[in-house]
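Report on one structure; see the data block that follows.
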Amino acid sequence: MARKKPATSEGVAPTSSAIPDLEDVSAFLGGAVPEEDRPLLELAVRNAREAAQDYAGRPLEGSIPTDAAQGIRLLAVRMYAARDASKPTAREIPLAVRYCWHGLRPASIAVR
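Under my numbering, the first residue of the sequence shown is numbered 48, with each subsequent residue one higher.
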């Protein structure tokens, strides 16, 4: 059975989102981030955003595809959970997260 996309007030799933920031990722985690862990989460979010920008090959500005925003959130959470917020390389980005970034791919990169 196919999963339904979340509906907006118009009945259509949103196609773009703001670039995730610390507050967005903290809310994604249910807001249960201890104060002493906020610097680690902040670094994870910053590095996830930079990794997404590097992967896209262009600056991320304004709104981005919703799937790409979710990919940034997931990558930041993965780094936070692993207690390692160092900036990942393209080879280290999990495949599932990479597919969330399909909207950021340069046209020259074919989806496999």
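In this text, a Cβ means the ideal position worked out from N, Cα and C, and glycines have one as well.
Treat the numbers as computed from the prediction; the structure is a model and nothing was measured.
Check, Outcome
"Among Met126, Ala137, Thr136 and Glu139, whose alpha-carbon lies nearest the alpha-carbon of Leu87?", "Met126"
"Can you tell which of Ser110, Gln117 and Ala99 has its C-alpha closest to the C-alpha of Val72?", "Gln117"
"At the level of alpha carbons, what is the spacing between Thr160 and Thr62?", "Nothing about residue 160 can be read from this structure; the chain reaches only from 48 to 159."
"Compare the C-alpha of Arg130 against each of Val80, Ala115 and Gly109 and name the closest.", "Val80"
"Going by beta-carbon coordinates alone, are Ala98 and Pro67 separated by less than 8 angstroms?", "no"
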